[in-house]
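Counting in my numbering, the sequence shown runs from 6 upward without gaps. Ideal Cβ placement from N, Cα and C applies to all residues, glycine included. Written out below as structure tokens is the structure these notes cover.
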Amino acid sequence: MSNLAHFEIKSALSATARWLAAAALAGLLAACALPPLEGRSESEALPTAEMRDTPLGSAVGVLAKEHPGLTGIHTLEDPREAFAARVQMAQHAQRTLDVQYYIWRNDTTGHLLLEALHSAADRGVRVRLLLDDLGHSGLDEELAALDAHPQVEVRLFNPFLFRPFKPLGFVTDFSRANRRMHNKSFTADNAITVVGGRNVGDEYFGATDGVLFADLDVLAIGPAVEQISSSFDAYWASASAYPIASLVTPPSAEALTAFRDRNALVERSELAASYKQAVREMPFYGSLIRKDYSLVWAPAHLVVDDPSKGLALAEPEQLLLHHMTEAVGVPTRSVDLVSPYFVPTDAGTDYFVGLALRGVRVRILTNSLAATDVLAVHSGYARHRQRLLAAGVALYELKPDPTGPASSAARKEEGHRMPGSSGSSGTSLHAKTFGVDMERAFVGSFNFDPRSARLNTELGLIIDSPQLAAAIAQAFDVRVPVSSWKLQLDPESGGLLWIDGAHPPLSIEPMTTWWQRFVVRLLEPLPIDWML
Numbered sequence: 006m007s008n009l010a011h012f013e014i015k016s017a018l019s020a021t022a023r024w025l026a027a028a029a030l031a032g033l034l035a036a037c038a039l040p041p042l043e044g045r046s047e048s049e050a051l052p053t054a055e056m057r058d059t060p061l062g063s064a065v066g067v068l069a070k071e072h073p074g075l076t077g078i079h080t081l082e083d084p085r086e087a088f089a090a091r092v093q094m095a096q097h098a099q100r101t102l103d104v105q106y107y108i109w110r111n112d113t114t115g116h117l118l119l120e121a122l123h124s125a126a127d128r129g130v131r132v133r134l135l136l137d138d139l140g141h142s143g144l145d146e147e148l149a150a151l152d153a154h155p156q157v158e159v160r161l162f163n164p165f166l167f168r169p170f171k172p173l174g175f176v177t178d179f180s181r182a183n184r185r186m187h188n189k190s191f192t193a194d195n196a197i198t199v200v201g202g203r204n205v206g207d208e209y210f211g212a213t214d215g216v217l218f219a220d221l222d223v224l225a226i227g228p229a230v231e232q233i234s235s236s237f238d239a240y241w242a243s244a245s246a247y248p249i250a251s252l253v254t255p256p257s258a259e260a261l262t263a264f265r266d267r268n269a270l271v272e273r274s275e276l277a278a279s280y281k282q283a284v285r286e287m288p289f290y291g292s293l294i295r296k297d298y299s300l301v302w303a304p305a306h307l308v309v310d311d312p313s314k315g316l317a318l319a320e321p322e323q324l325l326l327h328h329m330t331e332a333v334g335v336p337t338r339s340v341d342l343v344s345p346y347f348v349p350t351d352a353g354t355d356y357f358v359g360l361a362l363r364g365v366r367v368r369i370l371t372n373s374l375a376a377t378d379v380l381a382v383h384s385g386y387a388r389h390r391q392r393l394l395a396a397g398v399a400l401y402e403l404k405p406d407p408t409g410p411a412s413s414a415a416r417k418e419e420g421h422r423m424p425g426s427s428g429s430s431g432t433s434l435h436a437k438t439f440g441v442d443m444e445r446a447f448v449g450s451f452n453f454d455p456r457s458a459r460l461n462t463e464l465g466l467i468i469d470s471p472q473l474a475a476a477i478a479q480a481f482d483v484r485v486p487v488s489s490w491k492l493q494l495d496p497e498s499g500g501l502l503w504i505d506g507a508h509p510p511l512s513i514e515p516m517t518t519w520w521q522r523f524v525v526r527l528l529e530p531l532p533i534d535w536m537l
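In structure tokens form, the structure reads like this:
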């Protein structure tokens, strides 16, 4: 065979291969078309008049009459109390449960809360469960089985069509898939709600030997609850919320049997028993009825992104950041900020530097490199530290073991770390809160990073409460210096120093490996802030 003939055959085969690859890609893209939303059921939160006829609504109504126009707030810092509050709300709901989360783990506490929803549905409670589709790995069939209950409907926000490997969705539809629903709320009978930073999973409720997240929720009753229910309705009816039945095949009888067997094992576990005991011991419902539940009464209102942000269609005035800026105003005395993923960008750094130069006391707590679970996010924060410190901003970085003394290992360049390039042993900060001028406080899902501002949808409460704002300030006065390293500029070199009060200053990031520091330094100059 001549060289020319060989070349022509090879070219023909190459062209055929390219055509087949293009056809396969076209078929894949076509298969990734979202199902139509026509025929999707319509529903709304329980009307206020009907809410008052429920046991929860009646108890709340008695308290609300004594504090007209105000919202009752109870902070949920203890992880077991936060878990128990959600379960008790499900147990005492009579008409509706509206539940919205970014992450729902396939673990012990995740299972127990799904079972609480299922038990409520068995009593006739209407359950609406809205989950972001990125954060519930391994639960498709179980959620589909729950959705098959006549009192339950499950919807997925910005879903992935190729279920076995969701990351493929970032290839076929990156613009949409990169926008996630980060909101977190749990509302019973439109009478009582829990909102804040916690997702659903063992690491958020103190139920694991691995990384535990230090987090914060608030339980709320009063006018703010209706605002949160209205927001849930908007997300539930949005163009990004798809019934799971249109995406996932109903589980087989064999799969349902496997679920029941696995769930029975979880139910009998020692860990599950301890969390059931926590639910029994929490006095929430009885205290609410007796009117001795610890509540702070204050004006409060919801700040939330319009759900159209999930499709990049929201206008600036529809975004949480716009509403938050209006509600908070211009700080004049103090800002105390807690943010686990603090990526201020140049614009945010300008803002905090400007406040500090005007005499406003600015204190910020975020994760240290040793405590963070995302190295890339730390790189987006690290590059701004020296400028913030030079302007007088106080920076604190949480230790991975904030309750114990700094170990001798922490003073070595190769400190104690969990295996792997990300994540940490001990505790990682996950709470998102701030106080302004000792007058107003925020608790919600919003991280001070570009992803929260521009990509993910977020939710939170602005609470006009000097008591709550003072509690945040007191934490910075008393608890934060003990549980964190305070950063300072070295007066001689201009570099960073980590201070813990008990030992000489450290000039390298404590309890980290050279590899972690190398990765952060490598990422710092890259233009990736918009993704963090």
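Handout entry: Limits of the unbroken alpha helix (DSSP H) element including Y290
Key = For this step, residue 290 is matched to residue 285 along the sequence shown. Counting along the chain, the alpha helix (DSSP H) containing Y290 begins and ends at 289-295.
Practice task
To the nearest angstrom, report how far apart L434 and D194 are at their CA atoms.
Solution key: Here residue 434 is taken as the residue at index 429 of the sequence shown, counted from 1. Here residue 194 is taken as the residue at index 189 of the sequence shown, counted from 1. If I take the Cα positions, the gap works out to 31 Å.
Handout entry: N-terminal and C-terminal residue of the alpha helix (DSSP H) that Y106 is part of
Key = What you label residue 106 is simply residue 101 of the sequence shown in a count that begins at 1. Counting along the chain, Y106 falls outside any alpha helix (DSSP H), though it belongs to the beta strand (DSSP E) covering 101-108.
Exercise for the section: May I ask you to verify whether the segment 301-312 touches the segment 320-327, counting CB pairs closer than 8 Å and requiring at least 3? Expected result: yes
Exercise for the section: Determine the burial state of D534: buried for a count of at least 16 other Cβ atoms within 10 Å of its Cβ, exposed for fewer. Expected result: Mapped onto the sequence shown, residue 534 falls at position 529. With 16 or more other Cβ atoms within 10 Å, it is buried.
Exercise for the section: Report the residue from R100, N111, P515 whose alpha carbon sits nearest the alpha carbon of V132. Expected result: The residue given as residue 132 occupies position 127 in the sequence shown. For V132, the nearest C-alpha among the options comes from R100.
Practice task
Would you decide whether A278 is buried or exposed? Buried here means 16 or more other CB atoms lie within 10 Å of its CB.
Solution key: Numbered from 1 along the sequence shown, position 273 holds the residue referred to as residue 278. It counts as exposed.
Problem - Reduced DSSP secondary structure (H/G/I, E/B, other) of E82 - result: Taking the sequence shown and counting its residues from 1, one reaches residue 82 at position 77. If DSSP states are grouped into helix, strand and coil, E82 belongs with coil.
Problem - Cα-Cα separation between V200 and S190, rounded to whole angstroms - result: The residue you call residue 200 lines up with position 195 of the sequence shown. The residue you call residue 190 lines up with position 185 of the sequence shown. Looking at the two C-alpha atoms, the distance is approximately 5 Å.
Exercise for the section: Answer yes or no: do R185 and N461 have a C-beta to C-beta separation smaller than 8 Å? Expected result: Reading the sequence shown from its first residue, position 180 is the one you call residue 185. Reading the sequence shown from its first residue, position 456 is the one you call residue 461. Cβ atoms of R185 and N461: closer than 8 Å.
Practice task
Using three-state DSSP, classify R526 as helix, strand or coil.
Solution key: For this step, residue 526 is matched to residue 521 along the sequence shown. Three-state result, R526: helix.
Handout entry: Where W519 sits in the DSSP three-state scheme
Key = The sequence position of residue 519 within the sequence shown is 514, counting from 1. It is helical.
Problem - Whole beta strand (DSSP E) elements within the segment 103-181, 3-residue minimum - result: 131-140, 157-162
Handout entry: Neighbourhood of F264 by C-beta, 8 Å cutoff - its chain only, sequence neighbours within 5 removed
Key = Translated into the one-based positions of the sequence shown, residue 264 becomes position 259. E146, E147, A150, P256.
Exercise for the section: Could you pull the start and end residues of the beta strand (DSSP E) that K491 belongs to? Expected result: Within the sequence shown, numbered from 1, the residue matching residue 491 stands at position 486. Residues 489-494.
Exercise for the section: If I'm right that V271 touches H383 with Cβ under 8 Å, what's the distance once you round it to whole angstroms? Expected result: Translated into positions along the sequence shown, residue 271 becomes position 266. Translated into positions along the sequence shown, residue 383 becomes position 378. About 34 Å; that fails the 8 Å criterion.
Exercise for the section: Please specify which runs of the alpha helix (DSSP H), each continuous and at least 4 residues long, are wholly inside the segment 458-515, giving them in chain order. Expected result: 471-483, 485-488
Practice task
State whether the segment 170-189 contacts the segment 83-92, with contact taken as three or more CB pairs (one from each stretch) at a distance under 8 Å.
Solution key: no
Practice task
Using only alpha-carbon positions, find the residue among A395, A126, D351, G397 that is nearest to Q156.
Solution key: For the purposes of this step, residue 156 is taken as residue 151 along the sequence shown, with counting starting at 1. It is A126.
Exercise for the section: Specify, as a first and last residue, the run of the alpha helix (DSSP H) that I548 falls within. Expected result: What the structure shows of the chain is the stretch from 6 to 537, and residue 548 is not part of that stretch, so it cannot be assessed.
Problem - Cα-Cα separation, E402 to L370 - result: The residue labelled residue 402 in the question sits at position 397 within the sequence shown. The residue labelled residue 370 in the question sits at position 365 within the sequence shown. Roughly 6 Å between the two C-alpha positions.
Problem - Environment of K179 [buried if 16+ CB atoms lie within 10 Å] - result: Here residue 179 corresponds to residue number 174 of the sequence shown, with the count starting at 1. Note that residue 179 corresponds to Phe in the displayed sequence, not to Lys. Answer is exposed; the Cβ neighbour count stays below 16.
Handout entry: Own chain partners of F522 with C-beta closer than 8 Å, once the 5 adjacent residues on each side are dropped
Key = Along the sequence shown, read from residue 1 onward, the residue named residue 522 stands at position 517. Residue identity differs from the one stated: residue 522 is Arg in this sequence, not Phe. L374, I513, E514.
Practice task
Under 6 Å Cβ to Cβ from G174, same chain only, skipping five residues before and after it: list those, please.
Solution key: Position 169 of the sequence shown, counting from 1, holds the residue named residue 174. Once the five neighbours on either side are set aside, the close Cβ partners of G174 are F165, A182.
Exercise for the section: Mind listing, in chain order, the continuous alpha helix (DSSP H) runs of no fewer than 4 residues lying wholly within the segment 358-404? Expected result: 380-387, 390-395
Problem - Delimiting residues of the beta strand (DSSP E) encompassing D341 - result: Mapped onto the sequence shown, residue 341 falls at position 336. Per DSSP, D341 belongs to the beta strand (DSSP E) from 339-343.
Problem - Presumed contact (8 Å Cβ cut-off) between R110 and D207, rounded CB distance - result: The sequence position of residue 110 within the sequence shown is 105, counting from 1. The sequence position of residue 207 within the sequence shown is 202, counting from 1. That belief holds up - the Cβ atoms of R110 and D207 are roughly 6 Å apart, short of 8 Å.
Practice task
For T262, count neighbouring C-beta atoms within 10 Å of its own C-beta (all shown protein chains included) and say buried if the count is 16 or more, exposed if not.
Solution key: By 1-based counting over the sequence shown, the position of residue 262 is 257. Exposed, by the Cβ-count rule.
Practice task
Classify T350 as buried or exposed, calling it buried when 16 or more other Cβ atoms lie within 10 Å of its own Cβ.
Solution key: Within the sequence shown, the letter at position 345 stands for residue 350. Looking at its Cβ environment, which holds 16 or more other Cβ atoms inside 10 Å, T350 is buried.
Handout entry: Reference D505, options L276, T337, K491, G449, closest by Cα
Key = One-based indexing of the sequence shown puts residue 505 at position 500. D505 has its Cα closest to that of K491, out of L276, T337, K491, G449.
Problem - Counted within 10 angstroms of its Cβ, other Cβ atoms place S142 as buried (16 or more) or exposed - result: Counted from its first residue, the sequence shown places residue 142 at position 137. Result: exposed.
Exercise for the section: Identify whether I533 lies in helix, strand or coil by the three-state DSSP scheme. Expected result: The residue given as residue 533 occupies position 528 in the sequence shown. Residue state, collapsed to three classes: coil.
Handout entry: Which residues DSSP lists as bridging M186, in chain order
Key = Mapped onto the sequence shown, residue 186 falls at position 181. T462.
Handout entry: Buried/exposed call for A54, threshold 16 Cβ in 10 Å
Key = By 1-based counting over the sequence shown, the position of residue 54 is 49. A54 is exposed by the Cβ-count criterion.
Practice task
Would you list, in sequence order, the uninterrupted alpha helix (DSSP H) runs of no fewer than 4 residues that lie entirely inside the segment 308-333?
Solution key: 325-333
Exercise for the section: Give the straight-line distance between the Cα atoms of D406 and T213, rounded to the nearest whole angstrom. Expected result: Position 401 of the sequence shown, counted from the start, is the residue given in the question as residue 406. Position 208 of the sequence shown, counted from the start, is the residue given in the question as residue 213. Going by the C-alpha atoms only, they are around 15 Å apart.
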